[in-house]
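See below for the structure under consideration.
Pasting the structure below:
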């Protein structure tokens, strides 16, 4: 395997990780800042994802 | 056709346990009242068309707290096809109070008599056939914890919903009250929903504000109804709400006399009662709690031989993330011709692996801590702690109800903030929201582990002190804030049912532990990966003497790095010339250096902890992740990554004892992560209050860290007398003044605003 191909594979994998993780993180932060973090969970979990549970509107 | 079945019952009667059994969900179950504050939906296992709705626990259909509104609104407005009323068999009289109200809704209902295993163990006998005939609806025995009888209950509820079967409603009211309600029914005929006519009439008789608002009665109707109520009140010499309550309890007493036989003589103490005599003792209760929490933190995070959490974390840091993972990536990267010293190699090994590894390394400590806390919760001890803390909280005007959110917040601040909904008084609720996140949540544990391990040799006192600094901050903040007009007022009475002690459910405890740990790991896989990459780039690139590029490479070029430049950099970074390294010329160091003077008075005015503190706003785990990336850098010839603890040795070299403690205190108490800020914003429902909460927390953290560093440093001889200690003493005196001053004295009206009214 050539050096260029090796580097290209690593860069591609990193790009995929950055894309998906980055998208998930941005969505999560936006959701959390809107008060959606862990909403509806009621659990002691740390940092649920945005899709954790269906949320209720503010009482 | 879709069938909606609601689970309704008193707090801590086992609704969520049954919900999990029926739907296969893994909702958090706690052995104290008020765990569920929002309704949750799930499909019945094997029945895609049956929706089970788990509702927050309620004592009656007259809501006093925000989460009780959720239950009432759902039952009354959304009208499920059937109700499963969970009744705690060990506390049948009180639970039937809600049952009598649910029966009036004219919705098909089945009663699930839960905790029957405990009922039998206590020697009590419940004749379900008699109970069923008295109440006019099917009663099925259940043990949700052991998953016995759940299917029977669900099948019965489906059958009732499909056939729309409503049992023969018993006559709960009698005499004049029954007549008065009948007259009101006549007045409401055509106005209220026919199906709910009787329920509406009773609520109107009780002068239920929500029902009256919903009905929009004309003034003449209102007057007629008020005349009926007043006549009845006059005749019975009581207010309408109490009249109904008395009638319900009279009816319930009749039912239980017929159907329930108590095994234990009145006044005889159960095992739970005997244990409670010790653990909730006025004098012993608090020391026992302190000892229990100390032991838990010592086992999870201390440096003793029994500290299994620390041993496992050491193994993870030293072996898994010190040797195995870097070795694995070395092999992979070597096969792909990515050599050490290249940008890609640095990004993966020094950025992602170091950052994520630093955070994941603390997972074992966290799992042990969560396991021990889950056991304490499940056996019922934590509910006793709320009771013990009520005595202390009451001293400064809060009730023990404010401590329940703090217990929840030991896992995550977000549900902790949400749990404040169980507090009736709006001022107390706001105060609780403002202070709950002082508790060390799961994400803050790595910070505690890092400081206790790297600086204090794994001292269990430091780990446990973090917990007590959290509780202490809540208590002191409560005392101080309650003296201001915005929070002043008498505490609401605290009535908490103490669940009987029971052997913890192995599956439940392990599940709760894993859920919390897994969420943390998932977080490390998203936020920490991205921020590690960003932190690594910003710390690897920079401008060295006017040349931009990889600072490591630029620093090796002697034509660029002159003595004069190094001296200038040392002056700018405020370090000795021998301590200057390439990373000090990075972009991140430049940004961090601008902000770092803010933290200098707290003893950690270096750019690295500054950056870590700022990134901690996104997620508290990020503080240690940032350390992992920044302290992974080493300009010595020593091989990197062989021993994970090298990083922590470098951390230790950068801090004084009090500086490190002050760093821990500030990061534990300052503005919480984005998720908790979002939850605060949601619960406060007001931008000003949200900012006030964030500002207060950060201000409190700064003041406390300042006092710890300056006054603590003076007492320990770490530094001499000077401006810092003087200011520290002044701040300490100011705090003492705020604690002891008389404060605002509220009038009666300040005591009555409930959260429900405030949010209406």
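Chains as they are written, first to last, in my numbering: chain A, 1039 to 1097; chain B, 86 to 845. A virtual CB, placed ideally from N, CA and C, is assigned to each residue, including glycine.
Quick check on residue 434 of chain B: does DSSP put it in helix, strand or coil?
Shown here, residue 434 of chain B sits in a helix according to DSSP, grouped into three states.
For residue 143 of chain B, which three-state DSSP category applies?
Three-state result, residue 143 of chain B: coil.
Test: residue 1054 of chain A CB closer than 8 Å to a CB of chain B:
Closer than 8 Å: no.
Residue 703 of chain B versus chain A: which residues are under 9 Å apart at the beta carbon?
Listed along chain A are 1063 and 1067, each with a C-beta nearer than 9 Å to that of residue 703 of chain B.
Using 8 Å as the threshold, is the stretch 202-212 of chain B in touch with the stretch 156-164 of chain B, meaning 3 or more CB pairs across them?
Short answer: they don't touch.
At the level of alpha carbons, what is the spacing between residue 456 of chain B and residue 589 of chain B?
Cα to Cα, residue 456 of chain B sits roughly 11 Å from residue 589 of chain B.
For chain A, is any of its Cβ atoms less than 8 Å away from the one on residue 759 of chain B?
It does; some Cβ of chain A falls within 8 Å.
Return yes when the Cβ of residue 196 of chain B is within less than 8 Å of the Cβ of residue 220 of chain B, no when it is not.
Going by C-beta atoms, residue 220 of chain B is nearer than 8 Å to residue 196 of chain B.
Does any C-beta atom of chain B lie closer than 8 Å to the C-beta of residue 1071 of chain A?
Yes, its Cβ sits closer than 8 Å to a Cβ of chain B.
Residues from the stretch 601-613 of chain B in contact with chain A, defined by Cβ distance under 9 Å
The residues in question are 601, 602, 603, 604, 605, 607, 608, 610, 611 and 612.
If you scan the stretch 454-524 of chain B from start to end, which runs of the alpha helix (DSSP H) of 4 or more residues do you find wholly inside it?
Unbroken alpha helix (DSSP H) runs of no fewer than 4 residues, entirely contained in the stretch 454-524 of chain B, are found at 466-480, 488-494, 498-503 and 511-521, following chain order.
Cβ closer than 8 Å: which chain E residues qualify as neighbours of residue 377 of chain B?
The structure shown contains no chain E; its protein chains are A and B.
Where the alpha helix (DSSP H) containing residue 532 of chain B begins and where it ends
Its alpha helix (DSSP H) spans residues 530-539.
Can you say whether residue 1069 of chain A is buried or exposed, counting buried as having 16 or more other CB atoms within 10 angstroms of its CB?
By the neighbour-count rule (16 or more Cβ atoms within 10 Å), residue 1069 of chain A is buried.
Contained alpha helix (DSSP H) runs [length at least 4] in the stretch 392-453 of chain B, N- to C-terminal order:
Taking only runs of at least 4 residues, the alpha helix (DSSP H) segments lying wholly in the stretch 392-453 of chain B are 393-400, 410-420 and 439-445.
Put residue 199 of chain B into one of helix, strand or coil per three-state DSSP.
DSSP places residue 199 of chain B in the strand class (E or B) of the three-state scheme.
Would you say residue 627 of chain B and residue 697 of chain B are within 8 Å of each other, going by their C-beta atoms?
Result no, Cβ atoms of residue 627 of chain B and residue 697 of chain B do not sit closer than 8 Å.
Can you find a C-beta in chain A that's less than 8 Å from the C-beta of residue 76 of chain B?
Lying outside 86 to 845, the shown extent of chain B, residue 76 of chain B is not represented and no answer is given.
Give the DSSP bridge partners of residue 224 of chain B, in chain order.
DSSP links residue 224 of chain B through a beta bridge to B:196.
CA nearest to the CA of residue 1064 of chain A, picked from B:202, B:652, B:614 and B:552
Checking every option, the nearest Cα to that of residue 1064 of chain A belongs to B:614.
For a quick check, are the C-beta atoms of residue 182 of chain B and residue 145 of chain B less than 8 Å apart?
In this structure, residue 145 of chain B lies closer than 8 Å to residue 182 of chain B by Cβ.
Assuming residue 628 of chain B is part of the beta strand (DSSP E), what are its boundary residues?
In the DSSP assignment, residue 628 of chain B falls within the beta strand (DSSP E) that extends over 626-629.
Tell me, please, whether the stretch 364-383 of chain B touches the stretch 471-478 of chain B by the rule of three or more beta-carbon pairs shorter than 8 Å.
Yes: the two stretches touch, three or more of their Cβ pairs being nearer than 8 Å.
Determine the DSSP secondary structure at residue 308 of chain B, reduced to helix, strand or coil.
Taken through DSSP and simplified to helix, strand or coil, residue 308 of chain B comes out as helix.
Counting only beta-carbon separations shorter than 8 Å, does residue 423 of chain B have a partner in chain A?
Yes, residue 423 of chain B lies at the interface with chain A (some Cβ there is under 8 Å from its Cβ).
Residue(s) in a DSSP beta bridge with residue 173 of chain B
In DSSP, residue 173 of chain B forms a bridge with B:199.
Using the Cβ count rule (16 or more neighbours within 10 Å means buried), how would you classify residue 1053 of chain A?
By the 10 Å Cβ count, residue 1053 of chain A comes out exposed.
In angstroms with no decimal places, state the Cα-to-Cα distance between residue 350 of chain B and residue 337 of chain B.
Cα-Cα distance, rounded: 20 Å.
According to DSSP, simplified to helix, strand and coil, what is residue 604 of chain B?
Residue state, collapsed to three classes: helix.
Evaluate contact between the stretch 483-503 of chain B and the stretch 516-525 of chain B, counting only Cβ atoms and requiring at least three cross-stretch pairs below 8 Å.
Verdict: yes, contact present.
So for residue 1058 of chain A, helix, strand or coil by DSSP?
Here residue 1058 of chain A sits in helix by DSSP.
My assumption, with CB atoms under 8 Å, is that residue 585 of chain B sits in contact with residue 304 of chain B. Please give the rounded CB distance.
With 8 Å as the limit, residue 585 of chain B and residue 304 of chain B do not qualify as a contact, their Cβ atoms being about 52 Å apart.
Short-range partners of chain A found in the stretch 612-628 of chain B, where Cβ spacing is below 9 Å
So the close ones are 612, 614, 615, 616 and 618.
Please tell me whether residue 429 of chain B has its Cβ less than 8 Å away from any Cβ of chain A.
Under the Cβ distance rule, residue 429 of chain B counts among the residues neighbouring chain A, one pair being separated by less than 8 Å.
Alpha carbon of residue 640 of chain B to alpha carbon of residue 629 of chain B, nearest angstrom:
A straight-line Cα-Cα distance of about 7 Å links residue 640 of chain B and residue 629 of chain B.
Using only the alpha-carbon positions, how far apart do residue 419 of chain B and residue 126 of chain B sit?
Take the alpha-carbon of residue 419 of chain B and the one of residue 126 of chain B: they are about 50 Å apart.
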